[in-house]
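Protein chains: 2
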Amino acid sequence: MPQELPVRALTDRLHRDLPEGRVVTDRAVLAGYAHDEAEWAPHALPVAMVRPRTAEEVRAVVLACLDHAAPVVPRGAGTGLSGGANAVDGAVVLSTEAMTAIRRIDPLERLAVVEPGVVNEDLRTACAAYDLWYPPDPASARWSTIGGNVATNAGGLCCVKYGVTRDYVLGLEFVTGTGELVRVGRRTAKGVAGYDLTSLMVGSEGTLGVITEVTLRLRPSRPPEHTVAGYFSSVVDAGRAVAAVAAAGVTPSALELIDRHCLQAVDAWKQMGLSADADVVLLGRTDAPGPAGQEEAEAMLRCFEGAGATWAARSTDPQEADALFEARRLAYPALERLGPVLTEDICVPKSAVPEMLGRIEAIAQRHDTLIANIAHAGDGNLHPLLITPPGDQAARERAQAAFHEIIAEALALGGTVTGEHGVGLLKRDGLRAELGPAVMALNRAVKDALDPRGLLNPGKVTGR
Amino acid sequence: MPQELPVRALTDRLHRDLPEGRVVTDRAVLAGYAHDEAEWAPHALPVAMVRPRTAEEVRAVVLACLDHAAPVVPRGAGTGLSGGANAVDGAVVLSTEAMTAIRRIDPLERLAVVEPGVVNEDLRTACAAYDLWYPPDPASARWSTIGGNVATNAGGLCCVKYGVTRDYVLGLEFVTGTGELVRVGRRTAKGVAGYDLTSLMVGSEGTLGVITEVTLRLRPSRPPEHTVAGYFSSVVDAGRAVAAVAAAGVTPSALELIDRHCLQAVDAWKQMGLSADADVVLLGRTDAPGPAGQEEAEAMLRCFEGAGATWAARSTDPQEADALFEARRLAYPALERLGPVLTEDICVPKSAVPEMLGRIEAIAQRHDTLIANIAHAGDGNLHPLLITPPGDQAARERAQAAFHEIIAEALALGGTVTGEHGVGLLKRDGLRAELGPAVMALNRAVKDALDPRGLLNPGKVTGR
Chain F
1 MPQELPVRAL TDRLHRDLPE GRVVTDRAVL AGYAHDEAEW APHALPVAMV
51 RPRTAEEVRA VVLACLDHAA PVVPRGAGTG LSGGANAVDG AVVLSTEAMT
101 AIRRIDPLER LAVVEPGVVN EDLRTACAAY DLWYPPDPAS ARWSTIGGNV
151 ATNAGGLCCV KYGVTRDYVL GLEFVTGTGE LVRVGRRTAK GVAGYDLTSL
201 MVGSEGTLGV ITEVTLRLRP SRPPEHTVAG YFSSVVDAGR AVAAVAAAGV
251 TPSALELIDR HCLQAVDAWK QMGLSADADV VLLGRTDAPG PAGQEEAEAM
301 LRCFEGAGAT WAARSTDPQE ADALFEARRL AYPALERLGP VLTEDICVPK
351 SAVPEMLGRI EAIAQRHDTL IANIAHAGDG NLHPLLITPP GDQAARERAQ
401 AAFHEIIAEA LALGGTVTGE HGVGLLKRDG LRAELGPAVM ALNRAVKDAL
451 DPRGLLNPGK VTGR
Chain G
1 MPQELPVRAL TDRLHRDLPE GRVVTDRAVL AGYAHDEAEW APHALPVAMV
51 RPRTAEEVRA VVLACLDHAA PVVPRGAGTG LSGGANAVDG AVVLSTEAMT
101 AIRRIDPLER LAVVEPGVVN EDLRTACAAY DLWYPPDPAS ARWSTIGGNV
151 ATNAGGLCCV KYGVTRDYVL GLEFVTGTGE LVRVGRRTAK GVAGYDLTSL
201 MVGSEGTLGV ITEVTLRLRP SRPPEHTVAG YFSSVVDAGR AVAAVAAAGV
251 TPSALELIDR HCLQAVDAWK QMGLSADADV VLLGRTDAPG PAGQEEAEAM
301 LRCFEGAGAT WAARSTDPQE ADALFEARRL AYPALERLGP VLTEDICVPK
351 SAVPEMLGRI EAIAQRHDTL IANIAHAGDG NLHPLLITPP GDQAARERAQ
401 AAFHEIIAEA LALGGTVTGE HGVGLLKRDG LRAELGPAVM ALNRAVKDAL
451 DPRGLLNPGK VTGR
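Just so you know, the sequences run in chain order F and G. Just so it is clear: in the first sequence, position 377 is 377 by this note's numbering, and no numbers are missing. Just so it is clear: in the second sequence, position 15 is 15 by this note's numbering, and no numbers are missing.
Rendered as structure tokens:
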């Protein structure tokens with residue numbers, strides 16, 4: 001627990017240096033800013049939460065925290081799933097939620113310049129008016145912010161074809177750990193002037209700087225998608241269908257897996273009338289233009305059938321197709337209603353998807369733990385969701401053991417511990433296992449070089 | 001000039017630690033390894049050139065140089081245009097040209113694992129056998145190596161649609177400046193485990209590590225392209241056509257500009273029978289599948305005509321289209337036959353292309369310097385080529401003044417000093433002007449963190 005007097009000196013300074021209304025010290029409000037969606041990860045009540053509105057205000061927060069040696073924990077909408085925005089003792093949470101301006105959408109250069117607090121879906125809507133498209137679409141798109149998406153290098157459903165957030169960040173403005181406001185990257189289509197500090201910042205979870213502006217690459221709007229759905233009686237069959245799609249040379253614009261646990265949870269919550277006939281549903285989409293789209297959809301359908309789908313069809317009803325994808329997006333909050341959820345984010349080679357799904361099933365049985373599965377199956381990014389009954393400590397311990405085993409199996413299959421959620425606090429052990437000591441040392445050297453005072457989001461990613 | 005005795009101690013050590021035939025100290029051979037294609041940039045005769053065949057041999061070179069405090073200058077095929085591979089006094093040039101194995105091409109995961117000395121076009125040919133495609137296609141593709149392409153983040157003709165080398169590098173193995181062999185990145189489709197050291201390495205011009213293996217993302221082979229050619233009576237008209245293509249929402253798979261000087265030089269060399277009726281030729285391509293390709297080609301044609309093309313047509317003869325693109329690729333070596341060439345690599349916003357081309361013309365007149373233009377016009381990446389008669393010192397000084405003015409004008413228009421060639425030695429002043437002191441300091445901090453002994457390619461990029 002931080003000392004009263006130093007805390008008071010810091011909050012007084014923040015009140016003095018920032019306009020009225022930016023600084024919050026009310027404990028009830030602070031409680032809502034103590035952690036993100038990773039409730040299993042450690043967290044503490046921050047000493048203050050600040051909502052700056054400009055880059056200079058962000059700078060004022062960092063400078064005050066530098067002078068008072070108080071950690072700065074940057075935060076977007078708090079939808080993170082790894083604890084990357086969890087507060088630590090004595091910290092100031094710097095929320096970018098009030099920096100919501102879309103400063104520019106440029107159809108000719110195909111770029112957008114936005115403040116970090118812009119909600120992903122708000123940007124997508126604004127782009128659509130110019131016949132442009134910002135692809136990265138995390139399931140949290142309706143709530144999560146661009147700043148948070150950049151900090152975690154968020155993925156999403158269409159990333160199987162269009163890549164992740166890093167692929168769309170051209171440039172950044174940010175405040176460094178020493179309180180300087182800098183601009184990296186570019187607004188041109190190409191550029192190799194100096195080291196790629198932009199990509200380094202993307203996915204660094206607020207440990208290297210506080211983002212104050214993002215320049216994003218956009219794409220032209222795309223043709224309507226064709227949807228193919230397949231029901232399978234086992235996750236392993238569905239996994240084989242995924243591998244078959246990759247082998248057939250099809251590039252789906254989404255290829256999602258949802259298991260029975262998720263479908264039931266969503267249906268119980270939203271009464272969408274989802275069928276629970278299947279153990280697993282695969283949802284494929286293609287947005288290839290014209291006849292190529294129909295051909296890819298047909299090819300995907302044949303892959304589903306060939307892998308043993310109990311039922312598969314091309315959806316001719318856009319509403320029905322959208323409902324299935326809506327169920328996919330709602331799976332996580334729906335499961336959270338059943339009890340604390342521990343979220344995995346492993347990514348394995350596509351060919352290893354069936355094997356990995358089989359191993360997850362075996363782990364669930366071995367540890368007597370309910371593991372639901374949603375997955376960006378097309379790029380091998382699986383989200384086993386470990387659910388425990390509220391208050392059941394033994395179940396919690398079994399789930400934690402299962403969690404570590406899933407990570408170990410993913411690494412054994414040539415995978416990574418985090419495909420898109422970030423390391424945060426939950427994946428720090430996994431990170432060390434994945435990278436090994438030499439690469440961990442390189443990561444720490446980068447952290448020390450760019451945040452020499454260790455001010456920014458301490459303990460996250462590298463553990464520094 | 002390095003002292004004889006320490007040099008002898010180093011070369012003895014290299015001979016001892018590496019297999020027979022790897023180490024070259026013959027001065028006539030060394031002269032060919034003293035610089036890349038940037039003959040205007042400073043360079044020195046290295047004390048040795050080593051051609052390792054394995055990662056462990058690369059490590060042995062780095063360890064020997066560490067012990068003898070000798071700079072290591074990594075080198076691919078030496079086709080660089082900024083002096084990034086130019087040797088410095090006392091240096092050992094580490095050529096990756098003997099590491100030419102394509103270790104794996106995996107159609108299911110759509111990736112390739114290659115040694116750094118694999119020639120770009122050899123990889124492309126090998127991929128084609130699997131119906132796969134490695135997009136980045138620098139004009140030097142026939143000679144340049146993947147290691148060099150990665151070190152400079154090479155671009156190319158199709159990058160206007162498909163991105164640059166960094167967009168295709170999934171993972172790297174490299175030897176650090178402290179002699180450790182490490183692996184960064186991944187072989188999965190996604191991954192956010194730790195800082196993006198892979199992107200940091202890409203474009204770092206051998207200043208942060210010596211690459212020993214590259215894992216590359218591949219794409220499926222694409223449909224045949226449609227070609228549109230347009231002749232213009234001024235570079236500014238051609239620039240307006242480029243801006244019109246972007247404004248029309250077309251995404252060409254190439255959009256190249258070649259001016260009369262280049263066409264004449266290529267024709268004088270290769271007797272290709274190229275027309276010299278035009279001051280500028282624009283070559284557009286689209287690879288959209290099926291009818292979409294024809295529509296995009298028609299749209300591009302209308303843009304060319306609307307911008308004042310004196311003649312424009314869709315090419316129905318693939319041989320004719322290929323000849324025009326061959327002329328584009330041969331422009332640089334053809335111009336080199338006329339005298340020393342100083343190569344620019346500015347990239348400006350697409351909307352600024354006509355203005356920038358106009359300013360280049362004015363600068364050429366003001367400094368009485370022959371400036372030929374080739375450009376990846378579709379992404380605003382212009383390559384004004386400043387040519388001076390051999391031995392004419394006054395012309396050389398005028399060209400250098402023009403060179404600096406072009407860089408200043410590009411920055412004034414919101415551009416960058418290097419779109420794809422890298423900073424090397426030639427763009428170091430421009431880099432400082434572009435980044436400013438705070439971001440230069442971040443670049444230097446990264447260099448110091450990852451190469452604490454300052455062993456790797458000293459003087460390049462950051463000047464460290």
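Every residue, glycine too, gets a C-beta built ideally from N, C-alpha and C.
Extent of the continuous beta strand (DSSP E) to which residue i belongs
{"i": "residue 106 of chain G", "result": "102-106"}
{"i": "residue 318 of chain G", "result": "Run containing residue 318 of chain G: none in the beta strand (DSSP E); it sits in the alpha helix (DSSP H), 318-336."}
Classification of residue i by the beta-carbon crowding that lies within 10 angstroms, buried from 16 upward
{"i": "residue 35 of chain F", "result": "buried"}
{"i": "residue 56 of chain F", "result": "exposed"}
{"i": "residue 110 of chain G", "result": "buried"}
{"i": "residue 337 of chain G", "result": "exposed"}
{"i": "residue 199 of chain F", "result": "buried"}
{"i": "residue 81 of chain G", "result": "buried"}
{"i": "residue 207 of chain F", "result": "buried"}
{"i": "residue 4 of chain F", "result": "exposed"}
{"i": "residue 306 of chain G", "result": "exposed"}
{"i": "residue 221 of chain G", "result": "exposed"}
Chain G contact for residue i (CB, 8 Å cutoff)
{"i": "residue 212 of chain F", "result": "no"}
{"i": "residue 351 of chain F", "result": "yes"}
{"i": "residue 124 of chain F", "result": "no"}
{"i": "residue 204 of chain F", "result": "yes"}
{"i": "residue 347 of chain F", "result": "yes"}
{"i": "residue 425 of chain F", "result": "no"}
{"i": "residue 86 of chain F", "result": "no"}
{"i": "residue 288 of chain F", "result": "yes"}
{"i": "residue 445 of chain F", "result": "yes"}
{"i": "residue 128 of chain F", "result": "no"}
{"i": "residue 284 of chain F", "result": "no"}
{"i": "residue 292 of chain F", "result": "yes"}
Below-8 Å beta-carbon distance, residue i vs any chain F residue
{"i": "residue 196 of chain G", "result": "yes"}
{"i": "residue 270 of chain G", "result": "no"}
{"i": "residue 158 of chain G", "result": "no"}
{"i": "residue 166 of chain G", "result": "yes"}
{"i": "residue 36 of chain G", "result": "no"}
{"i": "residue 182 of chain G", "result": "yes"}
{"i": "residue 448 of chain G", "result": "yes"}
{"i": "residue 58 of chain G", "result": "no"}
{"i": "residue 187 of chain G", "result": "yes"}
{"i": "residue 315 of chain G", "result": "no"}
Start and end residues, alpha helix (DSSP H) containing residue i
{"i": "residue 120 of chain G", "result": "120-128"}
{"i": "residue 152 of chain F", "result": "146-152"}
{"i": "residue 355 of chain F", "result": "353-366"}
{"i": "residue 11 of chain G", "result": "4-17"}
{"i": "residue 95 of chain F", "result": "It is not in any alpha helix (DSSP H) - residue 95 of chain F instead sits in the beta strand (DSSP E) that spans 92-95."}
{"i": "residue 66 of chain G", "result": "55-68"}
Nearest residue (CA-CA) to residue i, options the options
{"i": "residue 26 of chain F", "options": "F/49, F/7, F/8, F/16", "result": "F/49"}
{"i": "residue 300 of chain G", "options": "G/240, G/343, G/144, G/394", "result": "G/240"}
{"i": "residue 335 of chain G", "options": "G/344, G/269, G/302", "result": "G/269"}
{"i": "residue 290 of chain G", "options": "G/232, G/133, G/224", "result": "G/224"}
{"i": "residue 72 of chain F", "options": "F/99, F/358, F/44", "result": "F/44"}
{"i": "residue 296 of chain F", "options": "F/244, F/448, F/311, F/271", "result": "F/244"}
{"i": "residue 404 of chain F", "options": "F/414, F/427, F/439", "result": "F/427"}
{"i": "residue 259 of chain F", "options": "F/372, F/361, F/251", "result": "F/372"}
{"i": "residue 447 of chain G", "options": "G/178, G/227, G/389, G/385", "result": "G/178"}
3-residue-minimum beta strand (DSSP E) runs that sit fully inside the region 228-296 of chain F, ordered along the chain: With a minimum length of 3 residues, the continuous beta strand (DSSP E) runs that stay inside the region 228-296 of chain F are 254-259, 280-286.
Starting from the N-terminal side, write out each stretch of the beta strand (DSSP E) that is 3 residues or longer and does not extend beyond the region 380-461 of chain G. List check, beta strand (DSSP E) in window: 381-387.
Counting only runs of 4+ residues fully inside the region 22-50 of chain G, write out the alpha helix (DSSP H) ranges in chain order. Complete alpha helix (DSSP H) runs here, min 4: 27-31.
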